[in-house]
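K.L.:
Under this note's numbering, the first residue of the sequence shown is numbered 14, with each subsequent residue one higher.
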Amino acid sequence: KIKNWALCPRCKALSKLGKAKRGGSIDIDLEALGPDQKMTEVFREEVSKIRAKEKAVVILCVDAINISGSLIKTIRNYVGGNPILLAVTRCDLLPDYVWKRHRIGGGEGDHDGDVGGIQAIKSFFRERASNIVPAEIYLCSEETKFRRTTAGIQELTSDLWQHLNGRDPYIIGAANIGKSTLTDILIAKLAGKGEKAGYFSDRLGAKRLEALKRSRITKSSLPGTTLQNVRVPCFDDHTQALWDTPGLLLDESLKHFPIRNFREIRAQRPSQIQPQIWEESK
Numbered sequence: 014k015i016k017n018w019a020l021c022p023r024c025k026a027l028s029k030l031g032k033a034k035r036g037g038s039i040d041i042d043l044e045a046l047g048p049d050q051k052m053t054e055v056f057r058e059e060v061s062k063i064r065a066k067e068k069a070v071v072i073l074c075v076d077a078i079n080i081s082g083s084l085i086k087t088i089r090n091y092v093g094g095n096p097i098l099l100a101v102t103r104c105d106l107l108p109d110y111v112w113k114r115h116r117i118g119g120g121e122g123d124h125d126g127d128v129g130g131i132q133a134i135k136s137f138f139r140e141r142a143s144n145i146v147p148a149e150i151y152l153c154s155e156e157t158k159f160r161r162t163t164a165g166i167q168e169l170t171s172d173l174w175q176h177l178n179g180r181d182p183y184i185i186g187a188a189n190i191g192k193s194t195l196t197d198i199l200i201a202k203l204a205g206k207g208e209k210a211g212y213f214s215d216r217l218g219a220k221r222l223e224a225l226k227r228s229r230i231t232k233s234s235l236p237g238t239t240l241q242n243v244r245v246p247c248f249d250d251h252t253q254a255l256w257d258t259p260g261l262l263l264d265e266s267l268k269h270f271p272i273r274n275f276r277e278i279r280a281q282r283p284s285q286i287q288p289q290i291w292e293e294s295k
């Protein structure tokens, strides 16, 4: 019997690739795993399905250190008029002095300490995403020991838990900015809230909770890891679910280039000349 957490050969190869990057080696055809131009169109069509949803809330992910290359300016073409929450990922990579600034890039603000830094950062990203008009901004990261972003994850989880009003949350963003990682974090947080609230106390609920704890979205450093919208029922109402979506490849991002092109560029790029010292024999 195939368990519901069994991996297909492609996801298994991507998981092995992640292990190889942390140490070890494995022979994987990267071009076979990466998306081609046809797949890019398929991803866009898959994400565009949200536009027809009447009860959806969109969690738009952007990269804290590359907002210009990760912000989907045409997001409304994909999601219609559904409300948008902006989740800024990888905030733990921001320099420490940024968190202590009162204003960033000429933005307004007059606060003290970390609170002032957080408000200044939020104001900065709100200004950059002004054409999207996000309802709220959350500063997030995968690093659980980073206090400043742990609060952002908690705020996002609480808002999803309390104020969804029957809407399905969809996590959307450009390729390789941490959507699936954020999805995994939210699954664990929402499952924990449901367990404390007693939503999984019956037999079927206990099985659902066990399945949720085993659920892991496949992640890798390659663009195009998620191939279609992935449904994760982590709420009390089994008809309501959290959705992970394929990453969109943006024309202005280097991730849009095929992997084979990177190999050609690397081969033609001049390498740094290393100085060599020779002893002159007398």
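The beta carbon of each residue, even a glycine, is placed where N, CA and C say it ideally should be.
Which term fits residue 220, buried or exposed, when burial requires 16 or more other beta carbons within 10 angstroms of its beta carbon?
P.N.:
By the 10 Å Cβ count, residue 220 comes out exposed.
K.L.:
Any heavy atom of the ligand ADP closer than 7 Å to the Cβ of residue 289?
P.N.:
Inclusion of the ligand ADP in the displayed structure is not the case, the ligand content being empty and no account of it being possible.
K.L.:
Run through the region 144 to 214 for me and flag every whole beta strand (DSSP E) of 3 or more residues, listed as ranges in chain order.
P.N.:
Complete beta strand (DSSP E) runs here, min 3: 149 to 152, 181 to 186.
K.L.:
Just verifying my parser: in three-state terms, what is the DSSP assignment at residue 291?
P.N.:
Of the three classes helix, strand and coil, the one that applies to residue 291 here is coil, per DSSP.
K.L.:
Considering only the beta carbon of each residue, do residue 184 and residue 192 sit closer than 8 Å?
P.N.:
Going by C-beta atoms, residue 184 is nearer than 8 Å to residue 192.
K.L.:
Just the C-alpha distance for residue 150 and residue 24, rounded to the nearest angstrom, thanks.
P.N.:
Distance between the alpha carbons of residue 150 and residue 24: 32 Å.
K.L.:
Going by DSSP, what residues sit across from residue 100 in a beta bridge?
P.N.:
BP columns for residue 100 point to 74, 151.
K.L.:
Excluding the 5 residues preceding and the 5 following residue 7 in the sequence, name in chain order all residues of the same chain whose CB lies nearer than 7 Å to its CB.
P.N.:
Because residue 7 is not part of the residues shown, which for the chain are 14 to 295, the question remains open.
K.L.:
Mark residue 189 as exposed unless 16 or more other C-beta atoms lie within 10 angstroms of its C-beta, in which case mark it buried.
P.N.:
Residue 189 is buried by the Cβ-count criterion.
K.L.:
With the cut-off set at 8 Å, would you say residue 174 and residue 206 are in Cβ contact?
P.N.:
Cβ distance < 8 Å, so residue 174 and residue 206 count as in contact.
K.L.:
For my contact list, residue 180 and residue 254 are in at a C-beta cut-off of 8 Å; report their separation, rounded to the angstrom.
P.N.:
Their Cβ separation, rounded to whole angstroms, is 11 Å, which puts residue 180 and residue 254 out of contact at 8 Å.
K.L.:
Quick one: what's got a C-beta closer than 8 Å to residue 242's C-beta in the same chain, skipping five residues either side?
P.N.:
These residues qualify, in order along the chain: 59, 60, 62, 183, 256, 257, 258, 259.
K.L.:
Verify whether the separation of the beta carbon atoms of residue 88 and residue 131 is less than 8 Å.
P.N.:
Not closer than 8 Å, so no.
K.L.:
So residue 186 packs on residue 75, CB below 8 Å; how close in whole Å?
P.N.:
Rounded, the Cβ-Cβ distance is 7 Å, consistent with contact.
K.L.:
To which residues of the same chain is residue 22 closer than 8 Å at the C-beta, ignoring the five residues directly before and after it?
P.N.:
Closer than 8 Å at Cβ, skipping near neighbours: no residue.
K.L.:
Grouping DSSP H, G and I as helix and E and B as strand, with all else coil, what is residue 257?
P.N.:
In the structure shown, residue 257 sits in a strand (DSSP, three-state: E or B).
K.L.:
Thinking C-alpha only, which one of 139, 142, 98, 111 is nearest residue 129?
P.N.:
Minimum Cα distance to residue 129 is reached at 111.
K.L.:
The alpha helix (DSSP H) spanning residue 89 covers which residue range?
P.N.:
Per DSSP, residue 89 belongs to the alpha helix (DSSP H) from 88 to 92.
K.L.:
With distances taken between CB atoms, is the gap from residue 65 to residue 98 smaller than 8 Å?
P.N.:
In this structure, residue 98 does not lie closer than 8 Å to residue 65 by Cβ.
K.L.:
Helix, strand or coil: how does DSSP classify residue 69 here?
P.N.:
Note: residue 69 maps to strand in three-state DSSP.
K.L.:
Report, in whole angstroms, the separation of the C-beta atoms of residue 248 and residue 203, which I expect to be a contact under 8 Å.
P.N.:
Right, the Cβ-Cβ distance comes to about 7 Å (below 8 Å), so this counts as a contact.
K.L.:
Express the C-alpha separation of residue 57 and residue 261 in angstroms, rounding to a whole number.
P.N.:
Going from the Cα of residue 261 to the Cα of residue 57 covers about 7 Å.
K.L.:
Can you tell me where the beta strand (DSSP E) with residue 244 in it begins and where it stops?
P.N.:
Looking at the DSSP string, the run of the beta strand (DSSP E) that includes residue 244 is 243 to 245.
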